[in-house]
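Asks:
Numbering (the UniProt record's numbering), first residue to last: 1 to 205.
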């Protein structure tokens, strides 16, 4: 990028584009959040005030203008977010009696082709993968998208929070983890291309 930014004017233009994309991503995430559509709605049976109408109209127009800068529609980003949530949940879940190979087979359909080898390494090449493992009971996982880190034409990186708990309603403490999940369009769908703890960064794991 520095090779093309040669003067103050080019720097100002580039900075403006970056800021616009950041604002667009924030607005899109707010739109994806539950209850966003009803946040400014009038109470049932009460017509909106003139001020409310003006604010709503101008706000919707500004939001639409900014969202046009995004490389994907809001509907597409929702589908991408679902793919990120599904993978994070599947990775965090445990099934009683499941082997590492079983777990790999469960996750492979959710992974992009470019992530297949890394996923196999992640699940099968750990220091303890060849040793007898203590029995593990079912673990349930509840994922939620906490935010969007970056959004581009070829990928979207979501931050997904996952809460795990013993399956079957058993007693035990909940555990929480956050992951950076990169999803890419592949074969008309969205698939996971990178996955790691959110505190580490965005790169492939």
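A virtual CB, placed ideally from N, CA and C, is assigned to each residue, including glycine.
The model shown is predicted, which means the values in this text are computed figures rather than measured ones.
Contact between the region 152-165 and the region 114-123 is defined here as three or more beta-carbon pairs at a separation below 8 angstroms; is this criterion met?
Replies: no
Asks: Output the boundary residues of the alpha helix (DSSP H) element that contains residue 109.
Replies: Looking at the DSSP string, residue 109 is not in any alpha helix (DSSP H), and its letter there is neither H nor E.
Asks: Buried or exposed for residue 145, please, with buried defined as at least 16 other CB atoms from any protein chain shown within 10 angstroms of its CB.
Replies: buried
Asks: If the criterion is Cβ atoms closer than 9 angstroms, does the pair residue 111 and residue 149 meet it?
Replies: no
Asks: Using the DSSP secondary-structure output, state which residues sit across from residue 157 in a beta bridge.
Replies: Within the DSSP secondary-structure output, residue 157 pairs in a beta bridge with 150, 182.
Asks: Measure the Cβ-Cβ separation of residue 143 and residue 76 and say whether it is below 9 angstroms.
Replies: Not a contact, by the Cβ cut-off of 9 angstroms.
Asks: Measuring only the C-alpha atoms, how far is residue 108 from residue 192?
Replies: 10 angstroms
Asks: Measuring straight from C-alpha to C-alpha, what distance separates residue 41 and residue 97?
Replies: The predicted position of residue 41 is uncertain, since its pLDDT is 44 and thus under 50; no value can be drawn from it.
Asks: Tell me the residue span of the alpha helix (DSSP H) that contains residue 78.
Replies: 74-92
Asks: Go ahead and label residue 74 buried or exposed: buried means 16 or more other beta carbons lie within 10 angstroms of its beta carbon, across all protein chains shown.
Replies: exposed
Asks: So which of 147, 177, 122, 199 has the shortest CA-CA distance to residue 78?
Replies: Taking only the C-alpha atoms, the option nearest residue 78 is 147.
Asks: With a threshold of 8 angstroms on Cβ separation, who are the neighbours of residue 92 within its own chain once the five nearest residues in sequence on each side are excluded?
Replies: 139, 141, 143, 162, 164, 177
Asks: What residue range does the beta strand (DSSP E) around residue 197 cover?
Replies: 189-197
Asks: Just grab the DSSP bridge partners of residue 140 for me.
Replies: 165
Asks: Work out the CA separation of residue 190 and residue 83 for me, nearest whole Å.
Replies: 6 angstroms
Asks: Judging by CA-CA distance, which residue of 157, 88, 95, 155 is the nearest neighbour of residue 207?
Replies: Residue numbering for the chain in the displayed model covers 1 to 205; residue 207 lies beyond these limits and cannot be assessed.
Asks: In or out: residue 175 buried (at least 16 other Cβ within 10 Å) or exposed?
Replies: exposed
Asks: Hey, how far is the Cα of residue 68 from the Cα of residue 185?
Replies: 19 angstroms
Asks: My understanding is that residue 153 touches residue 71, with C-beta atoms under 8 angstroms, so please give their C-beta distance in whole angstroms.
Replies: 4 angstroms between Cβ atoms; contact.
Asks: From residue 100 to residue 195, what does the alpha carbon distance come to, in whole angstroms?
Replies: 17 angstroms
Asks: My guess is that residue 90 and residue 158 are in contact by the Cβ rule of under 8 angstroms, so how many angstroms apart are they, rounded?
Replies: Their Cβ separation, rounded to whole angstroms, is 15 angstroms, which puts residue 90 and residue 158 out of contact at 8 angstroms.
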